[in-house]
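What follows is a set of notes on a single structure, which appears directly below.
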Amino acid sequence: MKVNDIITFGTYPQTKYTDEVSPLEWKVLKAEDGKALIITDKIIDQVRFNEKYADVTWADSILRGWLNNEFFNKAFTADEKEKILTTAVSTPDNAKWGTKGGADTEDKVFALSIQELEELIPELNDRRAVATGKALENGVYIYAETGFSVWWLRSSGYVQYAGARVGAGGHIEDKIYDDVRPHRGVRPVMWIKAN
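Yeah, the sequence shown ends on 196 if you go by my numbering, and it's all consecutive.
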């Protein structure tokens, strides 16, 4: 397993108007010491970061709860869960806007931080992502001029109640005031045993 490999791991509904599951495809972001950091190749669902205009960080976000409960339990078999490593996740404060990253967490599944995105996916074109049919059905907005959609990071944005995200053009969008609405997508990230 090496960086940029596409692997299949787990299953999830991905086709419009059906709950039939199909294999999830993941891109390898890092491979070291018998483990690999992977991210879904596509935006796989619509999930909010926060649902009200109240301060929040990754640690107490709706997104984190969904990834580590609903998604984790729905997408993976017992054997697959054994291969998913628990990760110590630290989210730095937003250096540009001064919003807090929040408490450290231990997660099976997470989202990239701004810093991780810049390090692991430096090219804008490589950050652009399409959504699955099921994600579009569930409310992810598709930008017609590009065919790409927006996906969440775990870093805080300009205001403490809103998360940062990757725009349809691949740029980091963190000066957001109103993003407690749906329409944003998620690309889960996790460390797995590579052998």
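Glycine is no exception: its CB is placed at the ideal position from the N, C-alpha and C atoms.
- prompt: Where do the ends of the beta strand (DSSP E) carrying LYS36 lie?
  reply: Here the question's residue 36 lines up with position 35 in the sequence shown. Element bounds for LYS36: 36 to 41.
- prompt: What residue from ASN196, ALA60 and VAL48 has the CA that sits closest to ARG166's CA?
  reply: Translated into the one-based positions of the sequence shown, residue 166 becomes position 165. The option with the nearest alpha carbon to ARG166 is VAL48.
- request: Take every Cβ of the segment 123 to 143, pair it with every Cβ of the segment 12 to 20, and state whether three or more of those distances are shorter than 8 Å.
  value: They touch, by the three-pair rule.
message: Along the chain, where does the alpha helix (DSSP H) containing ILE115 start, and where does it finish?
response: Against the sequence shown, residue 115 aligns to sequence position 114. Here the alpha helix (DSSP H) through ILE115 covers 115 to 121.
Buried/exposed call for GLY99, threshold 16 Cβ in 10 Å: Looking up residue 99 in the sequence shown gives position 98. By the 10 Å Cβ count, GLY99 comes out exposed.
task: Go ahead and label THR9 buried or exposed: buried means 16 or more other beta carbons lie within 10 angstroms of its beta carbon, across all protein chains shown.
output: Against the sequence shown, residue 9 aligns to sequence position 8. By the neighbour-count rule (16 or more Cβ atoms within 10 Å), THR9 is not buried but exposed.
message: Does the contact criterion of 3 or more C-beta pairs under 8 Å hold for the segment 149 to 165 versus the segment 54 to 62?
response: Here the segment 149 to 165 makes contact with the segment 54 to 62; the two share three or more CB pairs at distances below 8 Å.
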